[in-house]
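Take -19 as the starting number for the sequence shown in this note's numbering and just add one per residue.
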Amino acid sequence: MKSKLIPDSWNINSGWGARLCSCKTKITDYMKLHGFCNIKEVPLTDGCQMVQMTISDAQDFSIDKFRYGLTTYAHVKLDRTLRVGKKYRVSIQSYFPERSNYKSTIHSRTGIKLFNKEINTNNVGVIYTDNFLALDQLTTNKWNKSEWIIAPLCELNYLTVGFFSNDDVSNEIFHHFSNNWVRYYYFIDDIRVEEYEGDEEFVHYDCYDESQVNIRSGLKDSLVLLFD
-19 MKSKLIPDSW
-9 NINSGWGARL
1 CSCKTKITDY
11 MKLHGFCNIK
21 EVPLTDGCQM
31 VQMTISDAQD
41 FSIDKFRYGL
51 TTYAHVKLDR
61 TLRVGKKYRV
71 SIQSYFPERS
81 NYKSTIHSRT
91 GIKLFNKEIN
101 TNNVGVIYTD
111 NFLALDQLTT
121 NKWNKSEWII
131 APLCELNYLT
141 VGFFSNDDVS
151 NEIFHHFSNN
161 WVRYYYFIDD
171 IRVEEYEGDE
181 EFVHYDCYDE
191 SQVNIRSGLK
201 DSLVLLFD
């Protein structure tokens, strides 16, 4: 079982700067200046496409002065349900450019989250959870393959890629970015979920009612109005 990054199967919240980058895209000076979809700087892993993801600062419209930020999520329904009693190998390729606004906390809180029901990732600010598979110990300016062997504790049907936060991380990351809508771009490709029957070490993937996942954002007319 494998899910590929193709537009007709992936729900990508394009409001926060997600882009499907293609080898057929003409690279403009503007793209080079702002660092997005520049396949001369970020080479494709294979094939002709990759997805550019965004982590962005947010203007502080809240009275409590916390900064929650805006991030990109890519969400897909799996071809088959992941079932209790079986093991699965989950893998992804990711590329984190070395930039002045880069912090290692970014990739340690970026990864894959599995859900037992569909969520709406359009116009989402930040998903708050610690229950995800983190892309840790990566090298910048190169493609890194991360993989995990998991044993689900409930049936899982959906997969989301993105930046998953908590209160401490939000304050660290989004204050670090500054007050001027600074954005950090990273890239993902070649996401796979495959049934596994070997003897390698695995982790249980915990489950709960993901309809209760904490999503912080309130939107109207493209303005951030409410954080609660």
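Cβ atoms here follow ideal geometry from the backbone N, Cα and C, with glycine treated the same way.
{"Query": "Compare the Cα-Cα distances from ASN121 to each of GLN73, LEU113, LYS93 and report the closest residue.", "Result": "GLN73"}
{"Query": "Considering Cα atoms alone, identify which of THR52, SER88, LEU62 is closest to THR140.", "Result": "THR52"}
{"Query": "Could you tell me which of LYS67, VAL70, TYR68, ILE86 sits nearest to PHE76, measuring between CA atoms?", "Result": "ILE86"}
{"Query": "Restricting to Cα atoms, I'd like to know which of SER36, GLU21, ARG79, GLN29 is closest to GLY142.", "Result": "SER36"}
{"Query": "Mind reading off the beta-carbon distance from LEU113 to TRP128? Whole number of angstroms is fine, and I expect it under 8 Å.", "Result": "5 Å"}
{"Query": "Check whether the Cβ atoms of GLY62 and PRO132 lie closer than 7 Å to each other.", "Result": "The sequence as given places Leu at residue 62; Gly does not occur at that position. Result yes, Cβ atoms of LEU62 and PRO132 sit closer than 7 Å."}
{"Query": "Would you decide whether ARG89 is buried or exposed? Buried here means 16 or more other CB atoms lie within 10 Å of its CB.", "Result": "buried"}
{"Query": "Are the Cβ atoms of ASN96 and LEU136 separated by less than 7 Å?", "Result": "yes"}
{"Query": "Under 6 Å from any heavy atom of the ligand FMN, does the C-beta of ILE129 make it?", "Result": "The model depicted lacks the ligand FMN and carries no ligand whatsoever."}
{"Query": "I need the DSSP call for ILE86, collapsed to helix, strand or coil.", "Result": "helix"}
{"Query": "Could you tell me which residues DSSP pairs with GLU174 in its beta bridges?", "Result": "ARG69"}
{"Query": "Report the rounded CA-to-CA distance for CYS3 versus VAL56, giving the unit in angstroms.", "Result": "23 Å"}
{"Query": "Beta-carbon within less than 6 Å of LEU115's beta-carbon, same chain only, minus the 5 sequence neighbours each way: which residues are those?", "Result": "SER74, HIS87, THR90, GLY91, SER126"}
{"Query": "Out of LYS93, VAL22, LYS67, ILE99, which one is the CA nearest neighbour of ARG79?", "Result": "VAL22"}
{"Query": "Where GLY65 and TYR185 are concerned, what is the direct C-alpha to C-alpha distance, given to the nearest angstrom?", "Result": "12 Å"}
{"Query": "What do you reckon, are the CB atoms on TYR68 and GLU175 nearer than 7 Å?", "Result": "yes"}
{"Query": "Got a sec, what are the start and stop residues for the beta strand (DSSP E) LYS125 sits in?", "Result": "123 to 132"}
{"Query": "Taking the alpha-carbon positions, what's the TYR138 to THR119 distance?", "Result": "28 Å"}
{"Query": "Between PHE167 and GLN32, is the Cβ-Cβ spacing less than 7 Å?", "Result": "yes"}
{"Query": "Give the DSSP-derived three-state secondary structure of ARG(-1) in the structure shown.", "Result": "strand"}
{"Query": "Mark LYS6 as exposed unless 16 or more other C-beta atoms lie within 10 angstroms of its C-beta, in which case mark it buried.", "Result": "exposed"}
{"Query": "If you drop the 5 nearest sequence neighbours on each side, which residues of the same chain put their C-beta closer than 8 Å to that of VAL183?", "Result": "TRP128, ILE129, ILE130, ALA131"}
{"Query": "Identify whether ASP9 lies in helix, strand or coil by the three-state DSSP scheme.", "Result": "helix"}
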